[in-house]
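Peer 1: Take any residue in the sequence shown, note its place counting from 1, add 4, and you have its number in the working numbering.
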Amino acid sequence: MVHALCRPYLSVFTAVLLLSGCGFHAGSKPQAPVSLAAVTGTWIAPGTGLILRIEADALQTFYHTRATCAAGLRFASLAEAGQYLRDVRVETGVAELSLIPAGGAETDRIYFARAQALPQSCHGVDVAASFDPESTFQHFWHAFNDYYPFFAQRGVDWQQRYTQHRPRVTATTTQTQLFDLLTEMLSPLDDGHVSLVVATGELKKGYSPGVPRDWKVTANLARGGDRSGRAAVINYFNRRLETAHIDGDLALVESDGGAPAMVWGRLDGNVGYLQINQMQGFAPRRDDLLLNTAADLAAVEKVMDGVLDDLHGVTALVVDVRFNGGGADSIALAIAGRFADQKRLVFAKEKYNRGRATARAETYLQPHSGRRLQVPVALITGPDTASAAEIFTLALRQLPNVTHIGQPTRGILSDILDFTLASGWELGLSHEVYYDAGGRVHEAVGIVPDRRVPVTSFNGAVWGMFPAVTQALAGFDIDISLSATEFSVRLQTLMGDALVPGLAAAWVSDSAVLATHAAGYADIGKARKVTARTPFNLASVSKTFIGVAVAQAVEQGLIALDTRMGDLPMPLRVDSPNTPGADITLQHLVSHTAGIKDSDVYFCGYYIEQSKASLAAAMGMLDCPTPVRTEQAVFLADYLQRGGSLYDAAENFLAAPAGAVHFYSNVGAALASRMLAVATRTDFETWTERNIFTPLRMRDTHWFNSRFDGGGERPAVRYVIDGDKPVPLPEYALATWADGGLKSSAADMARYLLAIVRGGELDDRRIADAASVDAMLSPQTELPTLQGSQGIFWVNDGFLFGHDGSDPGATTQMFYDQYHDMGFVLLVNVSDLMDDNKALERRLRALVRLVYRRGLALRRDQ
Numbered sequence: 005m006v007h008a009l010c011r012p013y014l015s016v017f018t019a020v021l022l023l024s025g026c027g028f029h030a031g032s033k034p035q036a037p038v039s040l041a042a043v044t045g046t047w048i049a050p051g052t053g054l055i056l057r058i059e060a061d062a063l064q065t066f067y068h069t070r071a072t073c074a075a076g077l078r079f080a081s082l083a084e085a086g087q088y089l090r091d092v093r094v095e096t097g098v099a100e101l102s103l104i105p106a107g108g109a110e111t112d113r114i115y116f117a118r119a120q121a122l123p124q125s126c127h128g129v130d131v132a133a134s135f136d137p138e139s140t141f142q143h144f145w146h147a148f149n150d151y152y153p154f155f156a157q158r159g160v161d162w163q164q165r166y167t168q169h170r171p172r173v174t175a176t177t178t179q180t181q182l183f184d185l186l187t188e189m190l191s192p193l194d195d196g197h198v199s200l201v202v203a204t205g206e207l208k209k210g211y212s213p214g215v216p217r218d219w220k221v222t223a224n225l226a227r228g229g230d231r232s233g234r235a236a237v238i239n240y241f242n243r244r245l246e247t248a249h250i251d252g253d254l255a256l257v258e259s260d261g262g263a264p265a266m267v268w269g270r271l272d273g274n275v276g277y278l279q280i281n282q283m284q285g286f287a288p289r290r291d292d293l294l295l296n297t298a299a300d301l302a303a304v305e306k307v308m309d310g311v312l313d314d315l316h317g318v319t320a321l322v323v324d325v326r327f328n329g330g331g332a333d334s335i336a337l338a339i340a341g342r343f344a345d346q347k348r349l350v351f352a353k354e355k356y357n358r359g360r361a362t363a364r365a366e367t368y369l370q371p372h373s374g375r376r377l378q379v380p381v382a383l384i385t386g387p388d389t390a391s392a393a394e395i396f397t398l399a400l401r402q403l404p405n406v407t408h409i410g411q412p413t414r415g416i417l418s419d420i421l422d423f424t425l426a427s428g429w430e431l432g433l434s435h436e437v438y439y440d441a442g443g444r445v446h447e448a449v450g451i452v453p454d455r456r457v458p459v460t461s462f463n464g465a466v467w468g469m470f471p472a473v474t475q476a477l478a479g480f481d482i483d484i485s486l487s488a489t490e491f492s493v494r495l496q497t498l499m500g501d502a503l504v505p506g507l508a509a510a511w512v513s514d515s516a517v518l519a520t521h522a523a524g525y526a527d528i529g530k531a532r533k534v535t536a537r538t539p540f541n542l543a544s545v546s547k548t549f550i551g552v553a554v555a556q557a558v559e560q561g562l563i564a565l566d567t568r569m570g571d572l573p574m575p576l577r578v579d580s581p582n583t584p585g586a587d588i589t590l591q592h593l594v595s596h597t598a599g600i601k602d603s604d605v606y607f608c609g610y611y612i613e614q615s616k617a618s619l620a621a622a623m624g625m626l627d628c629p630t631p632v633r634t635e636q637a638v639f640l641a642d643y644l645q646r647g648g649s650l651y652d653a654a655e656n657f658l659a660a661p662a663g664a665v666h667f668y669s670n671v672g673a674a675l676a677s678r679m680l681a682v683a684t685r686t687d688f689e690t691w692t693e694r695n696i697f698t699p700l701r702m703r704d705t706h707w708f709n710s711r712f713d714g715g716g717e718r719p720a721v722r723y724v725i726d727g728d729k730p731v732p733l734p735e736y737a738l739a740t741w742a743d744g745g746l747k748s749s750a751a752d753m754a755r756y757l758l759a760i761v762r763g764g765e766l767d768d769r770r771i772a773d774a775a776s777v778d779a780m781l782s783p784q785t786e787l788p789t790l791q792g793s794q795g796i797f798w799v800n801d802g803f804l805f806g807h808d809g810s811d812p813g814a815t816t817q818m819f820y821d822q823y824h825d826m827g828f829v830l831l832v833n834v835s836d837l838m839d840d841n842k843a844l845e846r847r848l849r850a851l852v853r854l855v856y857r858r859g860l861a862l863r864r865d866q
């Protein structure tokens, strides 16, 4: 989204004409409205390049720089222009014109100064000129050179960009070629208020160099697009928040486009919660208006009256703008006025104006004359808090009762200058410098909170962990952590409700194992209780051990992440239809970008140990070959090689080459373990026993059930919920055992997680260098994922790192909270039969929340 005091929406007119010279004016009071016919002549909006030439019965716009000029929109009659340009006034004794775009408020008034004639650069401009690539390039470069103030902040040498790219433009350059070249020039800016839009008969394209951040990345991955995805992500977040923290139900108002514009309710301890997701779109939009500010302001007044009525009596308030990409400053200031105690300076701004800034205009926050809320406030921001939401942030930061927490904002405060390059070619660029009340500029760096707290963790939302909300509540002396007694009572109730046979949990800090806890039964039939040393199936948490093994082998120089399958004497091929199998690298596999996917027949690798029959077939899920070919290498060959019994080029591979798409793959993980075995000349089971389990004294940890025959506890029986009771599964294993077949206890897993937290060392025994562990937890692909950065099988979103897992009869979590320096392991021996038991899913997530909150208390009391 974008913002300006006069820019909540784009239209054919606002994109090419008006929204560049708006702002409050410090001059004398305008006189009564006049007609456009009474103010004929040439008018220039200072510092914007926008010119109005009002003729006897027509209005022509121009966009000029010191060296170039282009004709913009033309109204064929003043009557037509008057439909869109309203409340035209002139200043007393001053050669100045002002007007309001149709649908705008007084804050949207645009000011122009009279000029004696068109600037020299506009002389001879043909208003009907055809496309000229060379003049369009020149106009583009000079527009930025004259009006863009942030090249230094964004590390771009604009003159060098001209020298590099100008020779590539000739009279024969096509529109597509020029568009691609200009976007290449813009790409280093990372400014979400910069855009290039082309809508001609030959080309229709748009571009912004603003790099999507965090929640916007998540939105882009959800439901196939930003707009619908954004609503889906916010709604998902709020459902999880409602379950974890909200007393009652959240209320909401949707925007004109159907997205949750404002959401509110009561948190733990009678603390109010107000989530503001946009600074526009509160009223239905009319196509016959340029702006919707006046209607939006009226709608926001009604919404805020309702919000404050509902939140009457709260003792404190959390205001959350982490999802807010902006809108109109006037909306932001109107909402902020509901919390203001007195008139306060919010910001001053100036237009760049060819290196000579215009006079700074100050903007103040005014207390609302009606309902207000005066309680302690925690303001939550993040990297998606942008534009007008940053103006809102500046406003609230001036209030003495507000504490700002979260992550720095996006850093795109400037208004947008809309600029016509040629017919159908429109440019948007930041052109104003905002100074906060202390004179600081936050463009490109963002507004830094008083206390940094992670706000962008999708994994955290999945499991009901909201660190910024937790921190806000702590600031109001509300503690969500659980004592031992509270934990035990709630756990017993929840296990009964969820029909969980047994579980084990463990907690660690950054220096020690804090505690373990066991409850329920490892084997109901034999009345064998769970202990901290009971092995549970880890499911996909097993992959983290492949990650550690990779880090170890790379550290020892036995393999590199860029090692190709073709570089090793692999005993099998990968016959991908889109990438030569020999070119698939270890890095592709560890980052889930190899283009291999798990089709339904992957589950034919699950087999009952005693009979070698297919578990999927026995459960009525799939028609699988029986007996299962249980050797991992054989199963992989059957699945990946043309001619194999499970090979299907269309189903087993993505329709994209390796490195192009992030797609979670169990088969790819198992293949990575095979690459390691070949490179290290050591069976993967032997490598992990020798280099991980033994040095960490993980005595309850093995890959195969037969390894537990020598003593110690047997693995917990796995159960599925069928109807209203847990039903035991036969002992089963995976042909691709390395991707999910490890068994371990809570006590062992606590030591393992602690070793990773400590940089690869525990009890003076080192399994990897700290640099290797850091690399393992660092991004291995730039491709976006819902879980945050994809490391070497581990995921890390800056708040949580770790992994989770699920298999028939097994539900596992292992995560480390990097903000509170507390990690936990949760092992449960139950799952749903067909993955459609939503009640069980909710209760298992509630178990995770209980374990997490108990960990917060243990860490606090350490």
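We put the beta carbon where it would ideally sit given N, CA and C, even for glycine.
#1: Using DSSP's beta-bridge definition, name the partner residues of L830.
#2: Looking only at DSSP bridge pairs, what is T46 linked to?
#3: Residue range of the beta strand (DSSP E) that G809 falls in?
#4: With DSSP collapsed to three states, give me the class of E613.
#5: To which residues of the same chain is R375 closer than 8 Å at the C-beta, ignoring the five residues directly before and after it?
#6: Indicate the three-state DSSP secondary structure (helix, strand or coil) for K209 in the structure shown.
#7: So for H869, helix, strand or coil by DSSP?
#8: Between the C-alpha atoms of S615 and W691, what's the straight-line distance to the nearest angstrom?
#9: Could you give the first and the last residue of the continuous beta strand (DSSP E) run that contains A320?
#10: Name the two residues that bound the continuous beta strand (DSSP E) containing I420.
#11: So, is H316 buried or exposed, given that buried needs 16 or more other C-beta atoms within 10 angstroms?
#12: Helix or strand or just coil, what does DSSP make of I771?
#13: Quick one: what's M283 bridged to in DSSP?
#14: So for Q902, helix, strand or coil by DSSP?
#15: Mind reading off the beta-carbon distance from A119 to T46? Whole number of angstroms is fine, and I expect it under 8 Å.
#16: Using a Cβ distance threshold of 8 Å, determine whether the stretch 663–676 contacts the stretch 506–513, with at least three qualifying pairs required.
#17: In chain order, what are the residue ranges of uninterrupted beta strand (DSSP E) at least 3 long that sit wholly in the stretch 556–642?
#18: So, for R863: in the same chain, excluding its five sequence neighbours on each side, which residues have a beta-carbon less than 8 Å away from its beta-carbon?
#19: Would you kindly work out how many angstroms separate the C-alpha atoms of A683 and W707, rounded to a whole number?
#20: Distance check for A620 and P631, CA to CA, integer angstroms please.
#21: Count the other CB atoms, across all protein chains shown, that sit within 10 Å of the CB of G31; report buried if there are 16 or more and exposed otherwise.
#22: If you reduce the DSSP assignment to three classes, tell me which class H146 lands in.
#23: Would you call the stretch 380–395 and the stretch 415–422 touching, i.e. three or more CB-CB distances under 8 Å?
#24: Within this structure, are the beta carbons of R532 and A751 separated by less than 8 Å?
#25: When the Cα atoms are used, what is the spatial distance from Y651 to A586?
#26: CB V724 to CB P812, shorter than 8 Å?
#27: Tell me the DSSP bridge mates of W268?
#28: If you draw a straight line from the alpha carbon of G25 to that of I409, how long is it in whole angstroms?
#29: Which runs of the beta strand (DSSP E) spanning at least 3 residues fall entirely within the stretch 463–512, listed in chain order?
#30: Tell me the rounded alpha-carbon separation between A478 and A472.
#31: Which same chain residues end up closer than 6 Å to Y356 when comparing Cβ atoms and leaving out the 5 residues on each side of it in sequence?
#32: Compare the beta carbon distance of L542 and S748 with 8 Å and say whether it is the shorter of the two.
#33: Can Q500 and A526 be called in contact, C-beta distance under 8 Å?
#34: Kindly indicate which three-state DSSP category E655 falls into: helix, strand or coil?
#35: How should D300 be labelled, buried or exposed, when 16 other C-beta atoms within 10 angstroms of its C-beta is the threshold for buried?
#36: Compare the beta carbon distance of R172 and L122 with 8 Å and say whether it is the shorter of the two.
Peer 2: The short version:
#1: Along the sequence shown, one-based indexing puts residue 830 at 826. Per DSSP, A509 and Q817.
#2: Position 42 of the sequence shown, counting from 1, holds the residue named residue 46. Partner(s): R57 and A119.
#3: Within the sequence shown, numbered from 1, the residue matching residue 809 stands at position 805. G809 -> beta strand (DSSP E) spans L804 to D811.
#4: Working through the sequence shown from its first residue, we reach residue 613 at position 609. E613 falls in the coil class under three-state DSSP.
#5: The sequence position of residue 375 within the sequence shown is 371, counting from 1. Excluding sequence neighbours, R375 sits near M308, D309, L312, D313 and R342.
#6: Reading the sequence shown from its first residue, position 205 is the one you call residue 209. DSSP places K209 in strand when its eight states are reduced to three.
#7: Here the chain comprises residues numbered 5 to 866, so residue 869 is not present and cannot be evaluated.
#8: If you number the sequence shown from 1, residue 615 lands on position 611. If you number the sequence shown from 1, residue 691 lands on position 687. Each residue's Cα considered, the two are about 28 Å apart.
#9: Taking the sequence shown and counting its residues from 1, one reaches residue 320 at position 316. Counting along the chain, the beta strand (DSSP E) containing A320 begins and ends at A320 to D324.
#10: Translated into positions along the sequence shown, residue 420 becomes position 416. Unbroken beta strand (DSSP E) run through I420: I420 to A426.
#11: Here residue 316 refers to the residue found at position 312 of the sequence shown. Burial call: exposed.
#12: Start at 1 with the first residue of the sequence shown, and residue 771 comes out as number 767. Correct three-state label for I771: coil.
#13: On the sequence shown, residue 283 is found 279 positions in, with the first residue counted as 1. Looking at the DSSP assignment, M283 forms a beta bridge with G331.
#14: The chain is shown from 5 up to 866; residue 902 falls before or after that span and cannot be answered.
#15: Looking up residue 119 in the sequence shown gives position 115. Looking up residue 46 in the sequence shown gives position 42. So it is a contact: roughly 4 Å between Cβ atoms.
#16: no
#17: 610–612
#18: Along the sequence shown, read from residue 1 onward, the residue named residue 863 stands at position 859. Same-chain partners within the cutoff: W511, S513, L518, H824, D825 and M826.
#19: Here residue 683 refers to the residue found at position 679 when the sequence shown is read from its first residue. Here residue 707 refers to the residue found at position 703 when the sequence shown is read from its first residue. Cα to Cα, the separation comes out at about 20 Å.
#20: On the sequence shown, residue 631 is found 627 positions in, with the first residue counted as 1. On the sequence shown, residue 620 is found 616 positions in, with the first residue counted as 1. One C-alpha to the other measures close to 12 Å.
#21: Indexing the sequence shown from 1 puts residue 31 at position 27. Residue placement at G31 cannot be trusted, given a pLDDT of 44 that sits under 50; what the coordinates show is reported in the next sentence. That one is exposed.
#22: Translated into the one-based positions of the sequence shown, residue 146 becomes position 142. H146 falls in the helix class under three-state DSSP.
#23: yes
#24: Within the sequence shown, numbered from 1, the residue matching residue 532 stands at position 528. Within the sequence shown, numbered from 1, the residue matching residue 751 stands at position 747. No. Outside cutoff.
#25: Locating residue 651 in the sequence shown gives position 647, counting from the first residue. Locating residue 586 in the sequence shown gives position 582, counting from the first residue. If you take the alpha carbons of Y651 and A586, they lie about 17 Å apart.
#26: Position 720 of the sequence shown, counting from 1, holds the residue named residue 724. Position 808 of the sequence shown, counting from 1, holds the residue named residue 812. Yes, the pair counts as a contact, with Cβ atoms nearer than the cut-off.
#27: Here residue 268 refers to the residue found at position 264 of the sequence shown. Answer is A255 and L278, bridged to W268.
#28: Along the sequence shown, one-based indexing puts residue 25 at 21. Along the sequence shown, one-based indexing puts residue 409 at 405. Only weak support exists for where G25 lies, its pLDDT of 41 falling under 50; the coordinates are left without a value.
#29: 506–512
#30: Reading the sequence shown from its first residue, position 474 is the one you call residue 478. Reading the sequence shown from its first residue, position 468 is the one you call residue 472. When rounded, the distance between both Cα atoms is 10 Å.
#31: For the purposes of this step, residue 356 is taken as residue 352 along the sequence shown, with counting starting at 1. The residues are Y151, P153 and H435.
#32: For the purposes of this step, residue 542 is taken as the residue at position 538 of the sequence shown. For the purposes of this step, residue 748 is taken as the residue at position 744 of the sequence shown. Yes, Cβ-Cβ distance for L542 and S748 is below 8 Å.
#33: Locating residue 500 in the sequence shown gives position 496, where the first residue counts as 1. Locating residue 526 in the sequence shown gives position 522, where the first residue counts as 1. A small correction: the amino acid at residue 500 is Gly; Gln does not occupy that position in the sequence shown. No, the pair does not count as a contact, with Cβ atoms beyond the cut-off.
#34: Numbered from 1 along the sequence shown, position 651 holds the residue referred to as residue 655. DSSP places E655 in helix when its eight states are reduced to three.
#35: Residue numbering aside, residue 300 sits at position 296 when the sequence shown is read from its first letter. Classification for D300: buried.
#36: Taking the first residue of the sequence shown as 1, we reach residue 172 at position 168. Taking the first residue of the sequence shown as 1, we reach residue 122 at position 118. Cβ atoms of R172 and L122: not closer than 8 Å.
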